[in-house]
Amino acid sequence: MAASAVSASSIKIQNLSFSFPKKLIFKNVNLDITTNSVSLLTGANGSGKTTFCRLLSGLQTGYSGEIISPTKLLYLKQSAETNLLAATPALDLSLWSNVNCKIKNVKLREILNYFDLNEKADQPVWELSGGEQQRLVLSALLLHPDHFWLLDEPAAGLDDAQQKKLLQLLQEHKNGALIVSHRKELFAPVTTQVFTIADWKIIKQSTDGDVCATSKLKPGNINV
Amino acid sequence: MSLLSVVQLAFRYNAQDNWLFSGLDFCLEPGEILAVSGKSGCGKTTLLYLLNGIIPRHIDGEMKGDIKIAGIEHNKLSLPELAPHISMVMQNPHQQLFFPTVEQELAFAPENLCLSPDIIEERISNALQLLKISELRQQETATLSYGQQKLTALAAIYTLQPQILLLDEISNGISTEKKSHIINLIKSYAHSGKNIIIADHDPAFLDLASYRLSL
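Chains as they are written, first to last, in our numbering: chain Y, 218 to 441; chain D, 1091 to 1305.
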């Protein structure tokens, strides 16, 4: 694929095929994922959603075809604890702030405040609940507004108030995201494209533009 | 007599000044479903750990109050003795699965109850069919997706047939189709006189309950 044909506004998947031993996952998948809006990926349990994330992020090799991405990508894996890097929320975010983070003079406590973790800043991460660990992991998004976000079930364990904060973050994000989730209705207000995995293909579903437009969240301020 | 009675239950982790919750009172009669709701970090998982005995046996903290299972003081039973009465599908399936294949995982509990091979087979195939995951039977647990691991963990506890089934965030990572299978399983399990305690954020699961406990 010639570099000149790469559009700056989408991640291009061309003739992607991938198999595990004894199991075909993808066969000749062709797909454009826009990098200036939020897309959703659904599919049955075991259909290959997480595998697709691993392929996009470069963690999974051994595929044929091409994945051409014009943007830096931040991948937050499905199970919160697999994303944790350090012993406390404050230390964890300080590591994230050193990974491709362009924000100068990061105020970690203020970032922890977005998902109401300021009081847990110095508590061992293994003492946090599942939902609190998930909120800590999502806090890394605030440090990487210039990345395309690849989020595998990001709302797991979040209560209603925290889900709204995640949606607001996605609503205001300029550099696109692919959300893997079964909760299509939850993310509908911010989603412009929906993809489904079926029979080793990834199909783009039509979305009702009017519904998306009228149910958009009101923009708010993110205090970081 | 209630199957489960909880009286003035309070708990705090070591090194914490504040009680996570206190003065909890509830009881369950056969067939009842209880939903536990509340913000993340409010103690839903901790409550389930207290009920199934992991706290205080493996996780330290200060506990007040009483838990009785079928009239027996909870702290007089060992974890293996408690398991047939009350058992939990954990939030994170990685913490739960430890056998090489799905079939072995599902066989573990009924084998340890010394059930006959026929009944063990019946329980395994029944659990797989209810969740519509029979095709996973011979699959290695390490190769399952997150959602498939959760379904396997649920099936493995189902083969134990505990009197009280604890479900911690069972809806996470589960497809809409599989959610409806789980909901059917919960309804029929309660209908057979068992109890289910659901800690979740998904209204489809919370709405199954006869009672709701907000922490």
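Glycine residues also receive a C-beta, built at the ideal position from the N, C-alpha and C atoms.
The beta-carbon of residue 1182 of chain D is placed less than 9 angstroms from the nearest beta-carbon of chain Y.
Beta bridge pairing from DSSP links residue 267 of chain Y with no other residue.
Around the CB of residue 1258 of chain D, 16 or more other CB atoms lie within 10 Å, so the residue is classed as buried.
For the region 1260–1289 of chain D, the set of positions with a beta-carbon nearer than 9 angstroms to some beta-carbon of chain Y reads 1261, 1262, 1263, 1264, 1265, 1266, 1267, 1268, 1269 in chain order.
The C-alpha of residue 1147 of chain D lies about 31 angstroms from the C-alpha of residue 1209 of chain D. Between the alpha carbons of residue 1115 of chain D and residue 1096 of chain D lies a gap of roughly 5 angstroms. Within its own chain, the residues whose Cβ lies closer than 6 angstroms to the Cβ of residue 361 of chain Y, once the five positions on either side in sequence are excluded, are 291, listed in chain order. Residues of the region 396–413 of chain Y that bring their beta carbon within less than 7 angstroms of a beta carbon in chain D comprise 399, in sequence order. For residue 267 of chain Y, a Cβ of chain D is located within less than 9 angstroms of the residue's own Cβ.
Comparing C-alpha distances from residue 1262 of chain D to each of Y:348, Y:324, Y:253 shows the shortest one belongs to Y:348.
At least one C-beta of chain D is nearer than 9 angstroms to the C-beta of residue 352 of chain Y. The three-state reading of DSSP puts residue 326 of chain Y in helix, counting H, G and I together. A distance below 9 angstroms separates the beta carbons of residue 294 of chain Y and residue 369 of chain Y.
Between the C-alpha atoms of residue 299 of chain Y and residue 341 of chain Y there is a straight-line separation of about 15 angstroms.
The Cβ of residue 1241 of chain D sits closer than 9 angstroms to at least one Cβ of chain Y.
Secondary structure of residue 292 of chain Y (DSSP, three-state): strand.
Using a Cβ distance threshold of 9 angstroms, residue 279 of chain Y and residue 235 of chain Y count as a contacting pair.
Residue 1162 of chain D and residue 377 of chain Y have their alpha carbons spaced roughly 38 angstroms apart. For the pair residue 230 of chain Y and residue 282 of chain Y, the CB atoms are nearer than the 9 angstroms cut-off.
Restricted to the region 1092–1121 of chain D, the beta strand (DSSP E) segments that are unbroken, complete and at least 3 residues in length are 1094–1103, 1111–1118, listed in chain order. Residue pairing by DSSP places residue 230 of chain Y opposite Y:248, Y:284 in a beta bridge.
Rounded to whole angstroms, the gap between the alpha carbons of residue 1094 of chain D and residue 267 of chain Y is 39 angstroms. Just so you know, the alpha carbons of residue 1143 of chain D and residue 380 of chain Y end up roughly 31 angstroms apart. Going by DSSP, residue 1192 of chain D is part of the alpha helix (DSSP H) stretching over 1192–1202. Neighbours of residue 1161 of chain D in chain Y, taken as residues whose beta carbon is under 9 angstroms from its own, are absent, since the nearest beta carbon is some 31 angstroms off. For residue 309 of chain Y, none of the residues of chain D pass the 9 angstroms Cβ criterion, the least Cβ distance being about 16 angstroms. Under the DSSP assignment, residue 366 of chain Y falls in the beta strand (DSSP E) whose first and last residues are 365–369. When Cβ pairs closer than 8 angstroms are counted between the two stretches, the region 1184–1204 of chain D is seen to touch the region 1228–1238 of chain D, the count reaching three or more. Residue 363 of chain Y and residue 315 of chain Y have their C-alpha atoms some 14 angstroms from each other.
Sequence-distant Cβ neighbours of residue 1170 of chain D in its own chain, meaning closer than 6 angstroms and more than five residues away, do not exist here. Residue 396 of chain Y is bridged by DSSP to Y:257, Y:368.
For residue 1125 of chain D, the enclosing beta strand (DSSP E) begins and ends at 1123–1127. By the beta-carbon neighbour count (other beta carbons within 10 angstroms, threshold 16), residue 1122 of chain D is buried.
For the region 357–383 of chain Y, the set of residues with a beta-carbon nearer than 9 angstroms to any beta-carbon of chain D comprises 369, 370, 372, 373, 374, 375, 376, 377, 378, 379, 380, in chain order. Residue nearest to residue 1220 of chain D within the set D:1183, D:1242, D:1150 is D:1242 (criterion: CA-CA distance). The beta carbon of residue 279 of chain Y sits no closer than 9 angstroms to any beta carbon of chain D.
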